[in-house]
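Undergrad:
Number of protein chains: 2
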Amino acid sequence: MTIDQPTVRRGTNLPRVGDFNESVVLDAIRRAPDGLSRVELAAATGLSAQTVSNICRRLLDRGLVVEAGKKGGRVGKPRTVLQVSPGGSFAIGVHLDPAVVTYVVLDLIGGVVHSMRQPTPQVVDQAETLADMSTAVQRLVDESGIPRERILGLGVAVPGPIDPVAGAVVEPPQLAGWERVPLRDQLSLATGWPVVMDKDVIAAAIAERWAGAAVHSGNFLFFYLGTGSGMGVVVNDVVLRGVSGNAGEIGGLDANCTTYALVEEAIERGVLGREKAPVGPGEAERSLLDLVALADAGDSSARSIIDGWARRVGLGVSAAATLVDSELIVFGGPIWPHLGRLFLPVINPIVAASPFVGKMHETAVTGTALGDDVGAVGAACLVLDQTLSARPQSLLLA
Amino acid sequence: MTIDQPTVRRGTNLPRVGDFNESVVLDAIRRAPDGLSRVELAAATGLSAQTVSNICRRLLDRGLVVEAGKKGGRVGKPRTVLQVSPGGSFAIGVHLDPAVVTYVVLDLIGGVVHSMRQPTPQVVDQAETLADMSTAVQRLVDESGIPRERILGLGVAVPGPIDPVAGAVVEPPQLAGWERVPLRDQLSLATGWPVVMDKDVIAAAIAERWAGAAVHSGNFLFFYLGTGSGMGVVVNDVVLRGVSGNAGEIGGLDANCTTYALVEEAIERGVLGREKAPVGPGEAERSLLDLVALADAGDSSARSIIDGWARRVGLGVSAAATLVDSELIVFGGPIWPHLGRLFLPVINPIVAASPFVGKMHETAVTGTALGDDVGAVGAACLVLDQTLSARPQSLLLA
DNA sequence: GATAAGTACATCAGTTTGATTTAGAATGGT
DNA sequence: ACCATTCTAAATCAAACTGATGTACTTATC
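Listed in order, the protein sequences are those of chains A and B.
Numbered per UniProt numbering, the first sequence spans residues 1 to 398.
Numbered per UniProt numbering, the second sequence spans residues 1 to 398.
1) Comparing C-alpha positions only, which one of Q118/A, V215/A, G11/A and T387/A sits nearest to A43/B?
2) Is the stretch 328 to 347 of chain B in contact with the stretch 209 to 220 of chain B, if contact means three or more CB pairs nearer than 8 angstroms?
3) Considering only C-alpha positions, which residue in the set H95/B, E249/B, G273/B and V201/B is nearest to V195/B?
4) Under 9 angstroms Cβ-Cβ, which residues of chain A neighbour P161/B?
5) Under 8 angstroms Cβ to Cβ from L397/B, same chain only, skipping five residues before and after it: list those, please.
6) Should the stretch 364 to 375 of chain A be called in touch with the stretch 132 to 149 of chain A, which here means at least 3 C-beta pairs below 8 angstroms?
7) Out of V170/A, Y103/A and Q126/A, which one is the CA nearest neighbour of L140/A?
8) If A319/A sits next to G251/B, beta carbons under 8 angstroms apart, how far is it from one beta carbon to the other, in whole angstroms?
9) Take P172/A and list the residues in its own chain whose beta-carbon comes closer than 7 angstroms to its own, dropping the five residues that flank it on each side.
10) Under 8 angstroms between C-beta atoms, does residue 439/A make it to chain B?
11) Can you give, in chain order, each stretch of the alpha helix (DSSP H) that sits fully within the stretch 306 to 391 of chain A and has at least 4 residues?
12) Counting Cβ pairs, one atom from each stretch, are 3 or more of them under 8 angstroms apart for the stretch 307 to 325 of chain A and the stretch 275 to 284 of chain A?
13) Cutting at 6 angstroms between CB atoms, please list the residues of its own chain near T129/A, excluding the five before and the five after it.
14) Less than 8 angstroms separating the beta-carbons of A112/B and F90/B?
15) Counting C-beta neighbours from all protein chains within 10 Å, is the total for R241/B 16 or more, i.e. buried, or is it exposed?
16) Using CA atoms only, rank isn't needed, just tell me which of A207/A, L221/A and L291/A is closest to L262/A.
17) Could you check the C-alpha separation between V169/A and L183/A for me, to the nearest Å?
18) I'd like to check one pair, L382/B with I206/B: are the Cβ atoms closer than 8 angstroms?
19) When you compare each of V243/B, K71/B and V84/B to R62/B by their alpha carbons, which one comes out closest?
20) When Cβ atoms are compared, which residues of the UniProt domain "HTH marR-type" (22 to 68) of chain B fall closer than 7 angstroms to chain A?
21) Any beta carbon from chain B within less than 8 angstroms of residue 428/A's own beta carbon?
22) What is the rounded straight-line gap between the Cα of M1/B and the Cα of D132/B?
23) To which residues of the same chain is H338/B closer than 7 angstroms at the C-beta, ignoring the five residues directly before and after it?
24) What are the residues that DSSP puts in a beta bridge with S304/B?
25) Would F20/A pass as an interface residue toward chain B - the criterion being a Cβ-Cβ separation below 8 angstroms?
26) Please compile the residues from chain B whose C-beta is within a distance smaller than 7 angstroms of the C-beta of L396/A.
27) For chain A, find out if any of its Cβ atoms is closer than 8 angstroms to the Cβ of R312/B; answer yes or no.
28) For D198/A, would you say it is in contact with chain B, using Cβ-to-Cβ distances shorter than 8 angstroms as the test?
29) Using 8 angstroms as the limit for Cβ to Cβ distance, is D385/A near chain B?
30) Report the three-state DSSP secondary structure of M112/B (helix, strand or coil).
31) Which chain A residues sit within Cβ distance under 8 angstroms of G242/B?
32) List the endpoints of the continuous alpha helix (DSSP H) containing A136/B.
33) Could you name the residues that DSSP lists as bridge partners for A157/B?
34) So residue 410/B and D97/A are in contact, right, with Cβ under 8 angstroms, and what is the actual spacing, rounded?
35) Tell me whether A207/A sits in a helix, a strand or coil according to DSSP, three-state version.
36) Starting from A247/B, find everything on chain A with Cβ-Cβ shorter than 8 angstroms and list it in chain order.
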């Protein structure tokens, strides 16, 4: 299932340029902690003062930015500071996890305005499941009180691998029944909003870039620890997707590093009782938390299982960081909050000892700034990223 | 030594659009084996017929393309086929290898017009070494008989890691004395041409993309086997460079996979005699060839050393291919021609057995289509890529 | 004459250039 | 202390410019 990529690159034209420059300016304003004035924008973007002025007018008219006070220099007319208006636009994010479906509404600066959770349904009747999901989305929007036209669209994050052409999940390890469900297109039809879909790890990485630990880095790795694990890789400001949209999968590392595999190892070594053997997606995570609790309590076997895991992850990320020349490694995902303090002491020295760290540049390691909802937040960020972020790719003709 | 990357993205303007569309068209013509007509170009690029017509006029005027016959349909005016004129422009490539410096002149379609080799000098006097190199370049150009103004520029490929800001090599493992030599800027000063510099593995990957095994793929890995080894990674048509321009280095794999390390292993295991212990960069390669000859002759210890090496490489590339979702893995570099037939039988099944191959898409494995000179050819391709290729990045203001 | 390829010309959209207006601080005289 | 003047940098206005597009027209072959 390879995507038919255009053999040659497409051209561009003026309307694209206009839209692009608009997002460049919005992006710059959004990224500056205290907003930016028009002259500062001109300097930052390389555009002329006049162009920036025109674009700002449009952004103000649409309510995407607001004028927020003045910043006086020593002499001359003081600069008028522009900031994004969080309530100017919103995006909806849906994270389909094997255990739970999370829905969030995000504002322009990446703040969670409203959220909702439901247990992941078993798919018996595709149409019914899809109808339930779109009802949930409608309820979410109604409860948030945001007018429909302020919502840019809907993002869906799913466990990989995905089929980006069909907009569906492919052989989802833990999502029996969801295969071949044309999630993207059907949700768009049902809700009336444009829908974008991506792997949850990629979505999470974009969330970190927009509003998390990587706002200031365009070269980082995001390591997602959930039911499965995977990486979101951003290099030179672009998110790696690869030939079939499935970049970020982890080769050999994955098989013996799933939550399942670790819980099973723990049971085999007698650290956890047989009754902890997981039968559903949620249970593996609960058993894992028991293992973490044991490690915390000083159980050395539990500790060694987790240390071994951390070591494998550490070697994997430092190899990946060397390969793509990252300056930052961010860990996150639903189970990270429980593991962070056990993992970091193992991983930090491994990364620091890697031959290219220090020789070329520092490589920072950090835990996510976003919480459990990083998948759903990321899903919504997919929409923000697609519609508001300045990707040169968006200049090209369709 | 982190590069100061712009915190925000830059805007674009009309002149950039003009240049970009021009390279889009040239790129499309170049990539089509038999050339393309104007209507076909319009369809391929998404530009209007008129725009394509205007651009073609400019390209014809500049001598970059030529009209080459007509392609008649059943009825109507036949299409006039446009092809690139190989002699329209040229680029110079220099590969600084620990053992040898290779100089080439490349035409527009990536053909080697002229080439030259010199043993790599020891740097005792920086100025003198640089003067020697620029003299060599001048001689190369004189011998090729190409007028100066037809030459777009000079590309330099060096072993990593590099300092892309200073345009110099950094702690080169085998290039004692070359550190801190401001190669890029000094060569530009001496020759008068713009000079671009990159790691040899990245240059080689670009060569494969322009005129080698990857002309038809925008998602591939290039694995370079030379004195050192490294990868060139291309994802969604962009070459990964990373935060300091040093993407493609190989973490743990590298240390025990250099030519040196293998020859030493062979000596330790008594497969090669102690007299084969390498003292210079060239000798390690010669000793390695002896090892290959032994393996070919049926020596099982030699064979097992090489198989072990191939296995490590195979696992590394398949992990990397999974991570970045490649559809193609290309092997090359100076020692590949000797190793290919021993490596492929080991590597192929490893890649094929990787969990994501087949599940998502095929991943082809192949040897380079270019020869020993891939580094120098790549260096010249850096120039072609920078000046003629349609990279959306080039749309952005400086 | 029919058909498809390619071009001339006017139009349109977005950026740039240069001149102009605007808002506040600094100056200096009373 | 007060106030008009001057100065400076920010922001905007108006006109020019550039490159893509749509429509109508010409060209080349069957």
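Ideal placement from N, C-alpha and C gives every residue a C-beta, glycine not left out.
Just so you know, these numbers come straight off a predicted model, no measurement behind them.
TA: Let's see:
1) Counted from its first residue, the second sequence places residue 43/B at position 43. Comparing alpha carbon positions, the residue from Q118/A, V215/A, G11/A and T387/A closest to A43/B is G11/A.
2) yes
3) Along the second sequence, read from residue 1 onward, the residue named residue 195/B stands at position 195. V195/B has its Cα closest to that of H95/B, out of H95/B, E249/B, G273/B and V201/B.
4) Position 161 of the second sequence, counting from 1, holds the residue named residue 161/B. Near P161/B (Cβ distances below 9 angstroms), the residues of chain A are F356, K359 and M360.
5) Locating residue 397/B in the second sequence gives position 397, where the first residue counts as 1. Same-chain partners within the cutoff: R10, G11, T12, N13 and R16.
6) No: the two stretches stay apart, fewer than three of their Cβ pairs being nearer than 8 angstroms.
7) The sequence position of residue 140/A within the first sequence is 140, counting from 1. L140/A has its Cα closest to that of Y103/A, out of V170/A, Y103/A and Q126/A.
8) Numbered from its first residue, the first sequence carries residue 319/A at position 319. Numbered from its first residue, the second sequence carries residue 251/B at position 251. So it is a contact: roughly 4 angstroms between Cβ atoms.
9) The residue given as residue 172/A occupies position 172 in the first sequence. So the list reads P159, W178 and E179, once near-sequence residues are dropped.
10) The requested residue 439/A is not part of the displayed model; chain A covers only 1 to 398.
11) 336 to 353 and 374 to 388
12) no
13) Working through the first sequence from its first residue, we reach residue 129/A at position 129. P121 and V123, listed in sequence order.
14) For the purposes of this step, residue 112/B is taken as residue 112 along the second sequence, with counting starting at 1. For the purposes of this step, residue 90/B is taken as residue 90 along the second sequence, with counting starting at 1. Residue 112/B is actually Val in this sequence, not Ala. Result no, Cβ atoms of V112/B and F90/B do not sit closer than 8 angstroms.
15) Sequence index remark: in the second sequence, residue 241/B carries index 241 (1-based). So R241/B counts as buried.
16) One-based indexing of the first sequence puts residue 262/A at position 262. Comparing Cα-Cα distances from L262/A to each of A207/A, L221/A and L291/A, the minimum goes to L291/A.
17) Here residue 169/A corresponds to residue number 169 of the first sequence, with the count starting at 1. Here residue 183/A corresponds to residue number 183 of the first sequence, with the count starting at 1. So the two alpha carbons sit approximately 8 angstroms from each other.
18) On the second sequence, position 206 is the one that residue 206/B refers to. On the second sequence, position 382 is the one that residue 382/B refers to. Cβ atoms of I206/B and L382/B: closer than 8 angstroms.
19) Numbered from 1 along the second sequence, position 62 holds the residue referred to as residue 62/B. Considering only V243/B, K71/B and V84/B, the residue with the shortest C-alpha distance to R62/B is V84/B.
20) V24, D27, A28, R31, A44, T45, G46 and L47
21) What is shown of chain A runs 1 to 398, which leaves residue 428/A out entirely.
22) Working through the second sequence from its first residue, we reach residue 1/B at position 1. Working through the second sequence from its first residue, we reach residue 132/B at position 132. For M1/B, the predicted structure reports a pLDDT of 42, less than 50, and the residue's modelled location is therefore unreliable. The matter cannot be settled from this model.
23) Walking along the second sequence from the start, residue 338/B turns up at place 338. Closer than 7 angstroms at Cβ, skipping near neighbours: L289 and V292.
24) Your numbering for residue 304/B matches position 304 in the second sequence. The partner list for S304/B (beta bridge, DSSP) is empty, contrary to what the question assumes.
25) Mapped onto the first sequence, residue 20/A falls at position 20. Yes, its Cβ sits closer than 8 angstroms to a Cβ of chain B.
26) Position 396 of the first sequence, counting from 1, holds the residue named residue 396/A. Within chain B, the residues near L396/A are P392.
27) Within the second sequence, numbered from 1, the residue matching residue 312/B stands at position 312. By this cut-off, R312/B is not an interface position.
28) Position 198 of the first sequence, counting from 1, holds the residue named residue 198/A. Taking Cβ atoms only, chain B never reaches closer than 8 angstroms to D198/A, which makes this a no.
29) In the first sequence, counting from the first residue as 1, residue 385/A sits at position 385. So, not an interface residue.
30) Mapped onto the second sequence, residue 112/B falls at position 112. What sits at residue 112/B in the sequence shown is Val, not Met. DSSP places V112/B in strand when its eight states are reduced to three.
31) Locating residue 242/B in the second sequence gives position 242, where the first residue counts as 1. The contacting residues are N219, V235, N236, V324, D325 and S326.
32) The residue given as residue 136/B occupies position 136 in the second sequence. It spans Q126 to S144 - the alpha helix (DSSP H) in which A136/B sits, taken as one unbroken run.
33) Locating residue 157/B in the second sequence gives position 157, where the first residue counts as 1. DSSP lists H95/B and D198/B as partners of A157/B.
34) The question about residue 410/B has no answer here: the residues shown for chain B are numbered 1 through 398.
35) For the purposes of this step, residue 207/A is taken as the residue at position 207 of the first sequence. In this structure, A207/A counts as helix in the three-state DSSP scheme.
36) Here residue 247/B refers to the residue found at position 247 of the second sequence. Within chain A, the residues near A247/B are V235, L323, V324 and D325.
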